[in-house]
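Top to bottom, those sequences are chains P and F.
Reading the first sequence from the start, the letters are residues 1 to 512 in UniProt numbering.
Reading the second sequence from the start, the letters are residues 1 to 512 in UniProt numbering.
Read through the structure below, which is laid out as structure tokens, and then see the notes.
Protein chains: 2
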Amino acid sequence: MTQRTQIRSGGRAARRAARAAPLASHLRPIRPGMPGGAYTPLTPLQMDQIHATALDALEQIGLADAPASGIAYLTGAGAILGDDGRIRFPRALIEDTIARANRSVTLMARDPQHDLQLSGHRVHYGTAGAAVHLVEADGRNYRECGVQDLHDAARIADTLDNIHFLQRPMVCRDITDNLEMDYNSIYACCAGTTKHIGVSFTEPGFVKHGIEMLHMIAGGEDKWRERPFVSNSNCFVVPPMKFATESCEVMEECIKAGIPVLLLSAGMAGATAPSTVAGAIVQAVSECLAGLVYVNAVKPGHPAVFGTWPFGLDLRTGAMTGGSGEQALLTAGCAQMHKYYDLPGGAAAGITDSKLPDMQAGWEQMCSNVMAGLSGLNMVYEAAGMHASLLGFCHESLILGNDLIGQAMRCIRGIEVTPDTLSLEQIREVCIGGPGHYLGTEQTLGRMEQDHVYPTFGDRTSPKEWVERGKPDLIEKATVRKEEILAQRSAARFDPHLDAQIRARFRIYLPT
Amino acid sequence: MTQRTQIRSGGRAARRAARAAPLASHLRPIRPGMPGGAYTPLTPLQMDQIHATALDALEQIGLADAPASGIAYLTGAGAILGDDGRIRFPRALIEDTIARANRSVTLMARDPQHDLQLSGHRVHYGTAGAAVHLVEADGRNYRECGVQDLHDAARIADTLDNIHFLQRPMVCRDITDNLEMDYNSIYACCAGTTKHIGVSFTEPGFVKHGIEMLHMIAGGEDKWRERPFVSNSNCFVVPPMKFATESCEVMEECIKAGIPVLLLSAGMAGATAPSTVAGAIVQAVSECLAGLVYVNAVKPGHPAVFGTWPFGLDLRTGAMTGGSGEQALLTAGCAQMHKYYDLPGGAAAGITDSKLPDMQAGWEQMCSNVMAGLSGLNMVYEAAGMHASLLGFCHESLILGNDLIGQAMRCIRGIEVTPDTLSLEQIREVCIGGPGHYLGTEQTLGRMEQDHVYPTFGDRTSPKEWVERGKPDLIEKATVRKEEILAQRSAARFDPHLDAQIRARFRIYLPT
């Protein structure tokens with residue numbers, strides 16, 4: 001630009017430059033942790049009924065199959081072991097546990113700017129799952145997924161503003177030894193992103209190996225315990241109403257090692273949970289309340305996410321389905337129960353049953369993601385990339401999910417009503433002696449970046465422009481972006497000295 | 001089936017036959033007119049503020065450009081014509097009008113089973129718009145649309161359970177004479193579906209021709225006035241705060257002819273309306289309140305839909321965008337204001353900016369459609385088929401929209417909480433001495449059809465099945481279905497005698 005041009009268009013150029021610069025984070029139109037809560041599928045009375053039924057279920061039915069250690073913890077806290085081996089929970093024990101439990105949990109990240117403050121209706125979106133396939137979007141193909149795919153997912157997630165955490169979405173199918181799989185999963189995630197990470201240990205004995213790696217990454221046990229940046233997803237129950245014996249032992253090890261836990265109850269409505277939305281929520285709430293007693297019996301106040309995580313089922317075929325309206329209601333109803341108890345909670349949304357990132361994937365992922373957010377779910381797990389009812393993970397879909405979730409977050413942010421936004425004076429100025437339109441007014445330009453979310457890949461061109469640009473394909477654009485991200489060196493990668501130490505101690509499958 | 005097999009599996013076969021039969025309409029999991037309202041983006045105080053600001057705007061700013069007849073009606077009702085030509089509305093006039101206006105409107109259909117009862121939070125989905133392109137999904141191509149495309153859209157909509165009405169979504173670009181275009185649009189719609197139809201007359205003088213055709217279709221003026229099955233969409237304002245002179249005259253003619261009217265205020269937030277969501281709602285509410293005074297001044301109690309219909313704008317380019325989160329909030333906020341006034345209302349949702357029925361189209365269409373429904377919008381216009389920010393209409397997308405809206409409607413239906421659905425006894429029976437799962441229990445099977453919505457085109461197969469079935473493509477499946485529908489003779493088509501009468505009187509472009 002010549003100096004002359006600069007002088008002539010100084011004001012506009014300055015405004016354009018100001019607009020091109022990234023907004024300060026407190027001015028961005030959407031941010032992690034914005035509060036939902038405007039959508040309330042359950043009335044207060046209905047929540048009372050669900051709670052009362054859960055208390056009845058815990059007192060009268062209880063849970064079977066606790067490990068010996070769990071029986072000791074739970075009976076020590078006041079639960080009752082029956083002759084039938086089931087542990088039953090007096091309602092006073094449940095009520096006391098809820099009263100004393102954490103009202104907030106911080107899930108930390110290696111980079112503190114990515115810390116997640118779970119409380120109230122604050123909403124965060126991220127990945128999760130145990131997909132066994134990678135979806136190759138460009139080739140419309142499913143293949144077994146491996147550790148490189150997991151690492152790539154972490155690297156992609158690291159670059160996406162609206163993916164707030166990375167819970168391991170895929171299983172490393174190329175590592176047959178379960179211990180090696182567990183610690184390689186940790187490595188693949190941590191080397192790919194500085195956001196909060198969720199993992200899931202297979203056996204109790206594996207925790208000490210994983211925690212050794214985490215101490216190395218953190219720079220020592222004290223540093224780790226000060227800022228634990230990895231949580232463990234514990235499928236601590238096998239619904240209906242049975243503890244998962246080994247997973248409970250894993251959970252005890254995690255608690256001792258200072259790893260925040262996700263108390264995950266993943267019933268399938270119609271198979272391992274009642275087929276009704278209300279019944280599935282009752283059972284999930286019951287199981288997670290039992291888990292909450294368990295965690296607080298092992299270590300009072302240990303950070304735990306209330307993970308009522310019921311899934312839908314296609315009753316015609318008996319196959320899982322995660323993309324339905326029923327699924328969106330299960331998740332939103334659970335989110336409301338978390339707030340009924342004022343506990344930090346999480347559930348699953350954003351799943352699609354579609355095999356590919358097509359129109360079905362779009363509508364299914366948005367339905368549950370926006371409803372989860374509007375209901376104020378603290379942790380929206382499985383929010384991006386998850387296809388085929390959780391069996392497949394797709395990198396392109398993860399990238400497009402960032403747009404989709406950005407739009408959902410704009411909806412969560414809601415409608416600001418202030419004298420300024422109500423705009424009476426602006427309407428008056430425009431209509432009476434004014435230009436008769438709002439284009440280019442200061443009020444309009446001033447809010448262009450702060451109020452509006454613009455999609456990265458979503459196409460807003462006119463049909464004419466679209467043709468002129470060669471009818472760009474959404475998936476192809478995402479594939480190009482994926483290749484750009486993966487061609488760069490990951491900013492989260494460990495420094496070479498640490499990496500060598502880790503590789504000397506562990507058998508790391510990812511190439512250096 | 002042999003008799004032996006029948007005897008052996010009598011119970012199961014009977015159950016299967018019962019399941020295969022269509023459910024009685026009161027037992028169907030989703031129905032037109034289910035009540036939304038669980039999502040409330042505005043607090044009661046915020047609605048008070050919006051209302052107060054609208055009253056200020058109407059009293060202080062008012063609306064310009066009313067036709068002479070409108071000035072007479074409005075000043076006769078108590079509005080004040082200023083020296084500046086603007087008509088201002090004392091707040092008592094607005095409050096009285098709201099108090100006396102219809103609390104419910106029935107939009108009738110040629111087949112009474114498709115009548116739409118607009119009141120409370122009852123939600124209905126349908127098409128609308130003035131697209132100028134037909135989107136050929138299979139060829140990824142945009143071309144000018146014509147009367148055959150409109151007729152085909154009507155025929156397709158007639159077969160789709162979750163498309164509850166057909167407001168004309170496309171302009172007949174192949175008919176250059178506007179009068180011929182108007183009555184051919186009526187013909188193309190009415191000959192394609194017996195659901196409620198929305199049209200839009202171009203000039204006041206055209207109404208008498210259209211109404212002549214409607215009298216013929218109804219079987220006489222008395223039959224028409226008893227059950228008017230067509231409403232007229234009146235863009236009665238040119239935002240901001242100006243009456244659309246000629247459209248107001250069209251509206252007067254429609255009212256006299258007994259045609260229900262949609263009071264449509266279609267401001268563009270940032271261009272013809274304030275850029276803020278709250279400001280755009282204030283202006284739309286103001287304009288529609290002025291319209292409500294107008295309608296009730298012409299004929300007290302004439303059926304009118306409160307059509308606050310603000311659109312979003314991409315402020316970077318100045319182009320319209322209908323697929324954004326801001327759009328979903330505009331529509332949901334308007335829906336809440338309709339209920340604040342307890343008036344039957346409508347707004348736009350389901351628009352996508354994408355040119356094709358791809359993943360972006362899916363997420364954008366679902367976002368606003370589900371939020372509109374959850375907020376209890378009576379008439380969700382533009383809900384299916386609308387691409388390229390309203391410039392293109394796609395038959396395949398309309399067909400897939402039926403699945404998408406079905407899922408949204410399942411979400412609107414919400415969570416039933418009863419002693420039965422809470423399932424305590426079922427949990428007890430399954431867990432204590434029972435099978436340990438809920439598969440095949442009477443409670444599960446009994447609710448299989450009544451509680452669950454199954455997609456027609458949405459794919460729930462496993463990756464393995466999907467490969468075995470040749471990786472079916474969503475769009476191709478919709479194209480096949482489109483061709484099936486259009487190969488059949490339309491059930492809505494007029495009987496040959498009536499058709500000959502119409503063709504003798506009017507120049508009908510569709511072939512017999």
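Ideal Cβ placement from N, Cα and C applies to all residues, glycine included.
This structure is a prediction, so every number in the text was calculated from the model and none was measured.
Going by DSSP, which residues form a beta bridge with residue i?
| i | result |
| --- | --- |
| P:K242 | P:A64 |
| F:R143 | F:L134 |
| F:A304 | F:V261 |
| P:R269 | Here residue 269 of chain P is Ala; the residue named in the question, Arg, does not match the sequence. Partner(s): P:A273. |
| P:T321 | P:G312 |
| F:F165 | F:G126 and F:H196 |
| P:M448 | DSSP, once it has assigned bridges, lists no residue as partnering P:M448. |
Tell me whether residue i sits in a helix, a strand or coil according to DSSP, three-state version.
| i | result |
| --- | --- |
| F:E180 | helix |
| P:L315 | coil |
| P:I217 | helix |
| F:T43 | coil |
| P:G392 | strand |
| F:F236 | coil |
| P:E442 | helix |
| F:R505 | helix |
| F:F89 | coil |
| P:L116 | strand |
| P:V171 | coil |
| P:A38 | coil |
| F:Y454 | coil |
| F:M409 | helix |
| F:G346 | strand |
| F:H209 | helix |
| F:S354 | coil |
| F:S247 | helix |
| P:I80 | strand |
| F:S231 | strand |
Would you mind reading off the limits of the alpha helix (DSSP H) that contains residue i?
| i | result |
| --- | --- |
| F:A361 | M359 to L374 |
| P:Y340 | G325 to Y341 |
| P:G291 | V277 to V298 |
| P:A487 | L474 to A487 |
| P:V467 | P463 to E468 |
If you follow the beta strand (DSSP E) that residue i is in, where does it begin and where does it stop?
| i | result |
| --- | --- |
| P:T106 | V105 to L107 |
| F:L134 | H133 to E136 |
| P:S265 | V261 to S265 |
| P:G126 | H124 to T127 |
| P:I197 | H196 to V199 |
| F:V430 | That residue, F:V430, is in no beta strand (DSSP E); its alpha helix (DSSP H) goes L424 to C431. |
| F:M379 | M379 to Y381 |
Kindly give me the distance between the Cβ atoms of residue i and residue j, rounded to whole angstroms, as I take these residues to be in contact under 8 Å.
| i | j | result |
| --- | --- | --- |
| F:V305 | F:P344 | 6 Å |
| F:L166 | F:T193 | 5 Å |
| F:M359 | P:G406 | Not a contact, Cβ separation roughly 14 Å. |
| P:A188 | P:L510 | 6 Å |
| P:H387 | P:V135 | 5 Å |
Would you mind telling me which residues of chain P sit closer than 9 Å to residue i, beta carbon to beta carbon, in chain order?
| i | result |
| --- | --- |
| F:M366 | G362, W363, E364, Q365, M366, C367 and V370 |
| F:I71 | Residues of chain P passing the Cβ test: none, with the nearest at roughly 18 Å. |
| F:M379 | Under the 9 Å cutoff, chain P gives no residues; its nearest Cβ is about 21 Å from F:M379. |
Run down chain F in chain order and give the residues with a C-beta less than 8 Å from the C-beta of residue i.
| i | result |
| --- | --- |
| P:P240 | I427, V430, C431, G436, H437 and Y438 |
Could you tell me which chain P residues have their CB closer than 8 Å to the CB of residue i, listed as they occur along the chain?
| i | result |
| --- | --- |
| F:R316 | M448 and Y454 |
| F:A278 | I415, E416, V417, T418, T421, L422 and S423 |
Could you name the residues of chain P that residue i contacts, counting a contact when the two beta carbons are closer than 7 Å?
| i | result |
| --- | --- |
| residue 518 of chain F | A query on residue 518 of chain F cannot be resolved here, the shown segment of chain F reaching from 1 to 512 and no further. |
| F:W466 | K355 |
Let me check you understand the geometry: is the CB of residue i closer than 8 Å to at least one non-hydrogen atom of the ligand HEM?
| i | result |
| --- | --- |
| P:R143 | Judged by which ligands are present, the structure shown has none, so any question about the ligand HEM falls away. |
Name the chain F residues whose beta carbon is nearer than 7 Å to that of residue i?
| i | result |
| --- | --- |
| residue 515 of chain P | Residue coverage of chain P in this structure runs from 1 to 512, which leaves residue 515 of chain P outside it and unanswerable. |
| P:M359 | P357, D358, M359, A361, G362, L400 and L474 |
Margin query: Short of 7 Å Cβ to Cβ, which residues in the region 123-147 of chain P face chain C?
Written below: Although the question refers to chain C, the structure presented lacks it and instead comprises the protein chains P and F.
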